[in-house]
Amino acid sequence: MRYLDAIAKTAASNPDRTAIVTTSGDTATYGWLWSASEALAAWIDASGVPEHEPVMVYGHKSPLHIACMHACLKSGHPYVPVDRFSVPKERAVSIAGQIGAPLVLATSEFPEELADAASTLLDTSRLTAIAEKGGASQPERWVSGEDLAYILFTSGSTGTPKGVQVTADCFDNFLGWAVTLGGIDKTGLTFLNQAPFSFDLSVYELAMALASDGTLFCLTKQVQDNMREEFKALAASGVGVWVSTPSFANMCLVDDSFTQELLPDLRLFLFCGETLANSTAAALLERFPQAKVVNSYGPTESTVAVAAVDVTPEMTAADEPLPVGIARPGTRLRVVDEQGAECPTGTYGEVIIEGDTVSAGYFKRMDLTEKSFGTALLDGKEVRTYRTGDEGALDEQGLLHYHGRLDMQVKFNGYRIELGDIEENIRKLPEVTDACVTPFERDGRIAYLVAHVVLGKAPAETGLKATVAFKKELAATLPHYMIPRKFVFHDRLPMTPNGKVDRKTLAKL
Ligand code: AMP
Numbered sequence: 045m046r047y048l049d050a051i052a053k054t055a056a057s058n059p060d061r062t063a064i065v066t067t068s069g070d071t072a073t074y075g076w077l078w079s080a081s082e083a084l085a086a087w088i089d090a091s092g093v094p095e096h097e098p099v100m101v102y103g104h105k106s107p108l109h110i111a112c113m114h115a116c117l118k119s120g121h122p123y124v125p126v127d128r129f130s131v132p133k134e135r136a137v138s139i140a141g142q143i144g145a146p147l148v149l150a151t152s153e154f155p156e157e158l159a160d161a162a163s164t165l166l167d168t169s170r171l172t173a174i175a176e177k178g179g180a181s182q183p184e185r186w187v188s189g190e191d192l193a194y195i196l197f198t199s200g201s202t203g204t205p206k207g208v209q210v211t212a213d214c215f216d217n218f219l220g221w222a223v224t225l226g227g228i229d230k231t232g233l234t235f236l237n238q239a240p241f242s243f244d245l246s247v248y249e250l251a252m253a254l255a256s257d258g259t260l261f262c263l264t265k266q267v268q269d270n271m272r273e274e275f276k277a278l279a280a281s282g283v284g285v286w287v288s289t290p291s292f293a294n295m296c297l298v299d300d301s302f303t304q305e306l307l308p309d310l311r312l313f314l315f316c317g318e319t320l321a322n323s324t325a326a327a328l329l330e331r332f333p334q335a336k337v338v339n340s341y342g343p344t345e346s347t348v349a350v351a352a353v354d355v356t357p358e359m360t361a362a363d364e365p366l367p368v369g370i371a372r373p374g375t376r377l378r379v380v381d382e383q384g385a386e387c388p389t390g391t392y393g394e395v396i397i398e399g400d401t402v403s404a405g406y407f408k409r410m411d412l413t414e415k416s417f418g419t420a421l422l423d424g425k426e427v428r429t430y431r432t433g434d435e436g437a438l439d440e441q442g443l444l445h446y447h448g449r450l451d452m453q454v455k456f457n458g459y460r461i462e463l464g465d466i467e468e469n470i471r472k473l474p475e476v477t478d479a480c481v482t483p484f485e486r487d488g489r490i491a492y493l494v495a496h497v498v499l500g501k502a503p504a505e506t507g508l509k510a511t512v513a514f515k516k517e518l519a520a521t522l523p524h525y526m527i528p529r530k531f532v533f534h535d536r537l538p539m540t541p542n543g544k545v546d547r548k549t550l551a552k553l
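Residue numbering for the sequence shown follows this note's numbering, starting at 45 and increasing by one per position.
This is how it looks when you write it as structure tokens:
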């Protein structure tokens, strides 16, 4: 399935059909999306941005934002989505620096520093004026095959985000499978968009909605911050396919009114990105008798998800965690031991993903790419492979069972975080000489992050005041979900016998 062809078809046959609705009150039709993105693509093409160079799309959920992402695809450039609420100023500027002074399409307010880091920055009024001109299709310049469709920057262990390069083929191959999930006909349905566009989970509903004549229903940050507003918006949404992290569904389940009555059209819950607890799935199946629950698994590096399973009430009642899925056609999952040898069925090891949705590695980071990516033969074709750093085991039916990470990456409220990323940014603070961040767990879930900090000299402020000051300083470089809730000050960090920071001891403090 070619994504842009599918949208073109609806834009031509049913231009007045609603493609996008946001909780800020914006709507857009397929006809508008198609012609606005065409006009913007023509502008990008004429602007002289070198072929295939990434273009940053900065802002938040709006029809213009989505049109800009599509304009990049249609002008042969990968888009780099940067959400203004999830990515703080310095991080956005650092991403612009890594790309190398890109063209920035800013669909909302933007920090001045971003304009300085861009070669050209188009603001909302210029983008709107260009979009209004409309334009005709030029499929010959669309991204295709091994061209990059988008680059998503994720937390990197050294304190600098790394850009995952997803090709047009990866995107289309993923989409062809995603639309089949849950076994329901998705044509014309409304798809919930919870995640910001800078997270790969959002690619699920974006791609499925617009390739299925559907409507993308975007929950904006403002509404997600207000539970009452959020439920009001959901009740009026007509959502048929729910895509979110399990954490978000858990938050909704706290409210007794979160039932099929609130969302009468809901037919499918689709989860990815973190552990789906048996109790969450059981509660959803009970409260939404007309909906299926699908658990899916995959990292950004292999395009959203590569395995999925329909969760049944029997599975949720079993005394073991839910499986995360069976590999999609075009993907092979392998589990290997430390020497790289295949693990027997039922034995835990590192999960390797091989197939036609494995991305083209990290943007301008050959070192990191070589460490985790390779090639293999699958059904006689050469495909890319990715070492996930996830621990898992395959059972006799080919179902993957997930058992956490082999490294310092954690998932907190659905967000992927390298603890090393936070530590590096804390160490950059002038008062700090060393730092270690540990997750604090409650009921098997991360409740918050704790920073263990060693200071060079006695701080001007101590205790709560110092914590508040550190949090404020970190907010310039780290997204809100990466800022530790608690700071514990140490004279020195405890060490293991082999001289490493004793994370286990710190985690118990
Ligand atoms: P991201 O790149 O943000 O999608 O994060 C990918 C990581 O999230 C994977 O490598 C896993 O560690 C974790 N993950 C993805 N899907 C699941 C799932 N269904 N259950 C548990 N963890 C998951």
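Every residue gets a Cβ at the ideal spot worked out from N, C-alpha and C, and that includes glycine.
Computed from a predicted model, the values in this text were never measured in an experiment.
Item, Value
"Would you mind giving the Cβ-Cβ distance between T73 and A86, rounded to the nearest angstrom? I have them listed as a contact below 8 angstroms.", "The pair is not a contact, with the Cβ atoms about 20 angstroms apart (cut-off 8 angstroms)."
"Alpha carbon to alpha carbon, what distance is there between D127 and T521?", "14 angstroms"
"Less than 8 angstroms between the CB atoms is what I'm expecting for V124 and A161, so what's the real figure, rounded?", "The pair is not a contact, with the Cβ atoms about 12 angstroms apart (cut-off 8 angstroms)."
"With the cut-off set at 9 angstroms, would you say M452 and E440 are in Cβ contact?", "no"
"Which two residues bound the contiguous beta strand (DSSP E) that contains G453?", "Residue 453 is actually Gln in this sequence, not Gly. Where Q453 is concerned, the enclosing beta strand (DSSP E) stretches over Q453 to F456."
"Start and end of the alpha helix (DSSP H) containing L192?", "No alpha helix (DSSP H) contains L192, which is instead part of the beta strand (DSSP E) from L192 to T198."
"Grab the span of the alpha helix (DSSP H) containing G464 for me, first residue to last.", "L463 to R471"
"What alpha helix (DSSP H) runs, 4 residues minimum, are completely inside the segment 63-141?", "74-90 and 107-118"
"To the nearest whole angstrom, what separates the beta carbons of A222 and Y248, a pair I think is in contact under 8 angstroms?", "6 angstroms"
"Would you be able to state if there are at least three C-beta pairs under 8 angstroms between the segment 177-187 and the segment 198-207?", "no"
"Mind the definition here: the segment 296-310 touches the segment 337-345 only if three or more C-beta pairs lie below 8 angstroms; say whether that holds.", "no"
"Of the choices G179, S81, P98 and H496, whose alpha-carbon is the least far from that of G207?", "P98"
"So, using beta-carbon positions, are F332 and S301 closer together than 9 angstroms?", "no"
"Taking the C-alpha atoms as reference points, what is the distance between V283 and S119?", "32 angstroms"
"Going by the CB atoms, is the gap between T429 and T413 shorter than 9 angstroms?", "no"
"Could you spell out where the beta strand (DSSP E) holding G433 opens and where it closes?", "K425 to L438"
"Is V368 a contact residue of the ligand AMP, with contact defined as CB to any heavy atom under 8 angstroms?", "yes"
"Hey, would you say the C-beta of L328 is under 8 angstroms away from at least one heavy atom of the ligand AMP?", "no"
"Counting along the chain, where does the beta strand (DSSP E) carrying Q209 start and finish?", "K206 to T211"
"The alpha helix (DSSP H) spanning I51 covers which residue range?", "Y47 to S57"
"With distance defined between alpha-carbon atoms, name the residue in L250, S256 and H96 nearest to A50.", "S256"
"From T511 to K530, what distance separates their C-alpha atoms?", "7 angstroms"
"Just the C-alpha distance for A349 and D89, rounded to the nearest angstrom, thanks.", "32 angstroms"
"G393 and V379 look like a contact to me (Cβ under 8 angstroms); what is the Cβ gap, rounded to whole Å?", "4 angstroms"
"Run the CB neighbour count on D400, radius 10 Å, all protein chains shown included, and call it buried at 16 or more, exposed below.", "buried"
"At a threshold of 8 angstroms, does T202 count as lining the ligand AMP (C-beta to nearest heavy atom)?", "no"
"Among E176, S169 and K53, which residue has its Cα nearest to the Cα of A80?", "E176"
"Considering N542, what are the terminal residues of the beta strand (DSSP E) in which it resides?", "Run containing N542: none; DSSP gives neither H nor E here."
"Got a sec? Which residues, its chain only, sit under 8 angstroms from R547 by beta carbon, not counting five neighbours each side?", "C480 and T482"
"By a C-beta neighbour count over all protein chains shown, 10 Å radius and 16 as the cutoff for buried, is V210 buried or exposed?", "buried"
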